[in-house]
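Enquirer: The numbering of the sequence shown is my numbering, which starts it at 38 and goes up by one.
Where a beta carbon is used, it is the ideal one built from N, C-alpha and C, also for glycine.
Predicted model only: the values in this text are computed from it and were never measured.
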Amino acid sequence: MFSSGADASDGASSQGYRNWNVTTLSFFLGEHVDVYFIHFILSTLLVATVLSWLVTWFSERMRCIRMLETLPGPSLELPNNAFTPHAWLAHLPLAVDFSGENPIPGYPGLARSVDNLIQLHKQFSQQEGIMRLWILNPFKLTPFAQVMVFVTDPEMVQQVLKAKDISKNVIKQADIYRLCKALAGDSLLEILEDTPRWKHQRKLTALGMHQSLLEHTNSEIIKLLYETVFPQWDGTTSTAETFTMEAGEWCTRLVAEILGIVAFSQSFGGLESEATNTDNNKQSLYDLFKNLQFIITKRSLRPPFLIPFYIKENKEFKQCQDKLNNVIKSIVEERVAQHEEAKTRQQDNDTTKRKHQSLGEFNDLLSYLMMEDEDDDRYRLTEKELLGNVRMFLFAGQDTSAIVLSQTLYELATHQSTQLRLQKEVDALFAQFDSPDHQPAYKDIMRLEYLDAVTKEALRLHSPAGVARRNTVDIKLTRGDCAYSIPKGSNIFVYPFLTGLGAGQNNDDLDEFIPERFLKEDRGNHILGRPESCYMPFSIGPRNCVGHPLATAEIKVVLAHLVHRYTVRKTEGSEEPIKMMQITVKPHQIMLNFERRHC
Ligand code: HEM
């Protein structure tokens with residue numbers, strides 16, 4: 038038994054508190070329990086709980102590190118390099134240029150991370166199909182150190198993204214989408230899990246990618262090229278027959294304009310010369326996306342708690358974000374008003390119940406997103422979601438297709454025999470059509486086999502989009518007799534341009550641009566790396582790219598008309614474009630000569 042040694046000099050309130058403690062605790066533990074003893078027990082319990090949590094955390098962390106260290110990957114530089122500041126960020130200097138020795142012009146602070154990643158892939162993951170990097174801290178036991186697991190073997194990518202038993206425990210990586218909220222927030226791309234809300238938005242978008250949208254895309258591209266672009270270019274080339282252009286920015290402006298028209302029935306005027314374009318808000322869309330992407334990239338390379346301290350940069354970010362949202366808002370508000378008007382008209386004229394609300398006078402992607410299902414109103418898009426999806430389509434749609442288009446032009450300029458073969462195929466088709474008013478239809482272009490092979494080969498090597506996931510339980514990936522375990526909570530990345538380089542197979546020529554590998558009849562004459570299994574530029578599984586029919590149509594139609602009218606050549610002394618990691622993998626600059634053909 039214990040006595041309650043109360044001190045008579047205690048104040049009234051502490052006396053009351055003690056009495057309460059004693060009374061309450063005595064109720065549970067019996068009479069004569071010393072309050073100090075109770076405090077001792079509680080403190081001990083608290084310390085024991087914290088200690089046991091720490092022990093559990095550290096043993097779990099040790100278990101994860103042991104698992105991760107069985108994966109191939111570079112070692113950490115510490116302790117040998119402990120006195121170089123960037124060694125403290127583990128492998129992050131592969132993406133951040135601390136030395137300033139090899140800068141990317143116009144992008145201070147960014148290292149040539151794509152080249153670095155390709156080198157690491159060749160060194161560590163090409164044979165085994167998987168590798169890991171540590172970033173932000175070299176001490177793996179601390180919570181600051183983060184791991185990135187790159188899966189590059191096509192068989193293992195299938196398991197992560199498609200095989201039901203594994204992929205059900207692999208969800209979209211939340212941190213990356215939080216950083217990209219200004220571009221992809223409130224859209225179907227951002228929804229992390231395969232919920233009914235995602236399914237509904239995905240269904241509407243997939244419905245929107247119908248055959249007549251693609252036919253419409255074909256005719257709008259022809260209109261843009263023959264009414265706006267070629268007259269401008271022919272003005273430039275009237276004396277020299279050749280002119281030089283930065284293809285990266287031009288392709289982005291062209292694709293944004295195509296997307297504006299076919300997805301939202303809006304012209305952004307990005308292709309018009311400055312003299313004829315009066316709408317500054319729309320013309321600067323290209324710059325807004327460029328600025329936002331650069332700032333998001335810089336943020337992704339910093340510890341999150343430092344982000345609020347970049348005050349000037351944050352102010353610029355907010356201004357770009359507001360401007361972009363104003364453009365999107367004006368598109369959506371105008372269409373919502375038209376939609377409501379059409380709905381009222383329809384209700385006046387038609388009293389029969391329809392399953393789907395009419396698309397009104399538009400048949401673009403936005404009309405499908407606004408489509409209402411009268412039987413099921415649960416997942417109808419809110420105005421916020423409508424704005425989010427339009428913003429995401431503009432970003433995901435223009436940046437990606439434009440990158441592939443400009444990289445394909447560069448490959449054709451570098452491989453003149455490929456360009457000649459493509460021109461021969463395209464010229465044979467165009468010979469059947471004789472004027473801008475009489476041009477090949479979408480289905481004619483889609484039938485061109487060599488154009489298909491060229492586009493696929495460019496997509497295999499230059500796919501710009503990556504996939505970021507997080508596994509909610511430990512997973513085991515297998516490849517032949519080998520098995521690789523990835524502990525739960527790891528950041529898993531799949532980059533189709535790395536997967537396209539093949540893993541562990543006969544891949545001697547897989548880093549070369551050889552479209553013939555996609556042609557059955559040509560394969561017999563060459564010993565070419567087999568592309569089928571490693572070709573996944575639009576990702577695979579349920580979260581693959583829903584915009585891929587539109588992207589392929591845009592790239593093929595533009596390419597066919599360009600190579601029919603011009604021969605593309607490298608500029609003198611030009612080097613291979615630097616690839617930058619800016620949410621997407623994009624070329625820094627692609628300077629090309631365009632030479633008018635007379636055929
Ligand atoms: C060459 C062009 C394109 C490439 C290489 C590409 C690639 C990809 C990839 C790899 C993903 C998967 C991302 C992830 O899982 O995190 C994706 C998703 C997506 N893409 Fe594309 N994309 C292209 C063009 C487009 C276009 C033109 C649109 C629409 C106009 C579009 C809309 C989307 C959407 C909405 C998603 C998310 C799908 C979902 O989560 O269900 N993409 N894309």
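Excluding the five sequence neighbours on either side, which residues of its own chain have a C-beta within less than 8 Å of the C-beta of Asp-231, listed in chain order?
Expert: Working through the sequence shown from its first residue, we reach residue 231 at position 194. Closer than 8 Å at Cβ, skipping near neighbours: Pro-579 and Arg-580.
Enquirer: May I ask you to check if the CB of Thr-437 is nearer than 7 Å to at least one heavy atom of ligand 1?
Expert: Numbered from its first residue, the sequence shown carries residue 437 at position 400. Yes; taking the cut-off as 7 Å, the Cβ of Thr-437 has a heavy atom of ligand 1 nearer than that.
Enquirer: Since Asp-511 and Ser-522 are thought to touch, with beta carbons under 8 Å apart, how far apart are those beta carbons, to the nearest angstrom?
Expert: As a working mapping, residue 511 is identified with position 474 in the sequence shown. As a working mapping, residue 522 is identified with position 485 in the sequence shown. With 8 Å as the limit, Asp-511 and Ser-522 qualify as a contact, their Cβ atoms being about 6 Å apart.
Enquirer: Measure the alpha-carbon distance for Leu-226 versus Glu-371 and round it to whole angstroms.
Expert: Along the sequence shown, read from residue 1 onward, the residue named residue 226 stands at position 189. Along the sequence shown, read from residue 1 onward, the residue named residue 371 stands at position 334. The alpha-carbon atoms of Leu-226 and Glu-371 are separated by roughly 24 Å.
Enquirer: How many Å lie between Gln-238 and Gln-453 at the Cα?
Expert: Position 201 of the sequence shown, counted from the first residue, corresponds to residue 238. Position 416 of the sequence shown, counted from the first residue, corresponds to residue 453. Gln-238 and Gln-453: Cα-Cα distance of roughly 43 Å.
Enquirer: Among Leu-629, Phe-550, Gln-619 and His-635, which one has its Cα closest to the Cα of Lys-327?
Expert: Sequence index remark: in the sequence shown, residue 327 carries index 290 (1-based). Selected option, being the one with the closest Cα: Gln-619.
Enquirer: Where in the stretch 388-468 do unbroken runs of the alpha helix (DSSP H), each at least 4 residues long, occur, reported from the N-terminal end onward?
Expert: 402-406, 420-451 and 453-467
Enquirer: Per DSSP, what kind of secondary structure is Cys-101 in: helix, strand or coil?
Expert: For the purposes of this step, residue 101 is identified with residue 64 of the sequence shown, where counting begins at 1. Looking at Cys-101 - three-state DSSP - the assignment turns out to be helix.
Enquirer: Is Arg-428 near ligand 3, in the sense that its beta carbon is under 7 Å from a heavy atom of that ligand?
Expert: For ligand 3, the structure offers nothing, since it holds only ligand 1.
Enquirer: Name, in chain order, the residues that DSSP records as bridge partners for Thr-621.
Expert: In the sequence shown, the residue the question calls residue 621 occupies position 584. Answer is Gln-619, bridged to Thr-621.
Enquirer: Take Ile-482 and list the residues in its own chain whose beta-carbon comes closer than 6 Å to its own, dropping the five residues that flank it on each side.
Expert: To locate residue 482, count along the sequence shown from 1; it is residue 445. Closer than 6 Å at the Cβ level, and outside the excluded window around Ile-482, lie Lys-593, Val-594 and Ala-597.
Enquirer: What are the partner residues of Trp-171, as DSSP defines its beta bridges?
Expert: In the sequence shown, counting from the first residue as 1, residue 171 sits at position 134. DSSP links Trp-171 through a beta bridge to Val-184.
Enquirer: Should Val-700 be listed as close to ligand 1, given that the test is whether its C-beta is under 7 Å from any heavy atom?
Expert: Past the boundaries of the shown model lies residue 700; the chain is included only from 38 to 636, so the question cannot be answered.
Enquirer: Whole angstroms is fine: what's the gap from Cys-357's alpha carbon to Leu-329's?
Expert: Here residue 357 refers to the residue found at position 320 when the sequence shown is read from its first residue. Here residue 329 refers to the residue found at position 292 when the sequence shown is read from its first residue. Whole-angstrom Cα-Cα distance: 7 Å.
Enquirer: When DSSP labels each residue in this structure, what does Met-193 get in the three-state scheme?
Expert: Residue numbering aside, residue 193 sits at position 156 when the sequence shown is read from its first letter. Looking at Met-193 - three-state DSSP - the assignment turns out to be helix.
Enquirer: Drop a sphere of 10 angstroms on the beta-carbon of Tyr-405, count the other beta-carbons inside from all chains shown, and report buried for 16 or more, exposed for fewer.
Expert: Reading the sequence shown from its first residue, position 368 is the one you call residue 405. Counting Cβ neighbours within 10 Å, Tyr-405 comes out buried, since at least 16 surround it.
Enquirer: Look at Thr-604 and Leu-629 and say whether their C-beta atoms are less than 8 Å apart.
Expert: Position 567 of the sequence shown, counted from the start, is the residue given in the question as residue 604. Position 592 of the sequence shown, counted from the start, is the residue given in the question as residue 629. Contact flag unset, no.
Enquirer: Name, in chain order, the residues that DSSP records as bridge partners for Leu-514.
Expert: Residue mapping note: residue 514 aligns to position 477 of the sequence shown, counting from 1. According to DSSP, Leu-514 bridges with Tyr-521.
Enquirer: Helix, strand or coil for His-635 per DSSP?
Expert: What you label residue 635 is simply residue 598 of the sequence shown in a count that begins at 1. In the structure shown, His-635 sits in coil (DSSP, three-state: anything other than H, G, I, E or B).
Enquirer: Does Gln-248 pass the burial test, meaning 16 or more other C-beta atoms within 10 Å, or should it be called exposed?
Expert: Position 211 of the sequence shown, counted from the start, is the residue given in the question as residue 248. Exposed is the call here.
Enquirer: Starting from Val-491, trace the alpha helix (DSSP H) in both directions and tell me its first and last residue.
Expert: Locating residue 491 in the sequence shown gives position 454, counting from the first residue. Note, Val-491: alpha helix (DSSP H), 486-499.
Enquirer: Give the single residue among Pro-111, Gly-539, Ile-172 and Tyr-532 whose Cα lies nearest to the Cα of Leu-338.
Expert: Along the sequence shown, one-based indexing puts residue 338 at 301. The residue with the shortest Cα to Cα distance from Leu-338 is Ile-172.
Enquirer: Alpha carbon to alpha carbon, how far is Ala-520 from Val-197?
Expert: Position 483 of the sequence shown, counting from 1, holds the residue named residue 520. Position 160 of the sequence shown, counting from 1, holds the residue named residue 197. Approximately 13 Å between the Cα atoms of the pair.
Enquirer: Return yes when the C-beta of Gln-585 is under 7 Å from any heavy atom of ligand 1, and no when it is not.
Expert: Indexing the sequence shown from 1 puts residue 585 at position 548. Gln is not the amino acid found at residue 585; the sequence shown has His there. Indeed, a heavy atom of ligand 1 lies less than 7 Å from the Cβ.
Enquirer: By alpha-carbon positions, which one of Gly-297, Glu-632, Ala-85 and Gln-210 ends up nearest to Val-369?
Expert: Position 332 of the sequence shown, counted from the start, is the residue given in the question as residue 369. Ranking the options by Cα distance to Val-369, first place goes to Gly-297.
Enquirer: For the structure I just gave you, are there three or more beta carbon pairs, one from the stretch 250-261 and one from the stretch 424-441, closer than 8 Å?
Expert: no
Enquirer: Taking Cβ positions only, does Thr-608 come closer than 8 Å to chain D?
Expert: The displayed structure is made up of one protein chain only, and chain D is not part of it.
Enquirer: Hey, Ile-258 and Ile-295: beta-carbon distance below 8 Å or not?
Expert: Your numbering for residue 258 matches position 221 in the sequence shown. Your numbering for residue 295 matches position 258 in the sequence shown. Contact: yes.
Enquirer: What first and last residue would you give for the beta strand (DSSP E) that runs through Phe-208?
Expert: For the purposes of this step, residue 208 is taken as the residue at position 171 of the sequence shown. Here residue 208 is Ile; the residue named in the question, Phe, does not match the sequence. For Ile-208, the enclosing beta strand (DSSP E) covers residues 207-209.
Enquirer: So the candidates are Asp-223, Pro-345 and Met-104; which of them puts its Cα closest to the Cα of Lys-513?
Expert: As a working mapping, residue 513 is identified with position 476 in the sequence shown. Closest option to Lys-513, Cα to Cα, is Met-104.
Enquirer: Under the three-state reduction of DSSP, which class applies to Leu-178: helix, strand or coil?
Expert: Residue numbering aside, residue 178 sits at position 141 when the sequence shown is read from its first letter. Three-state result, Leu-178: coil.
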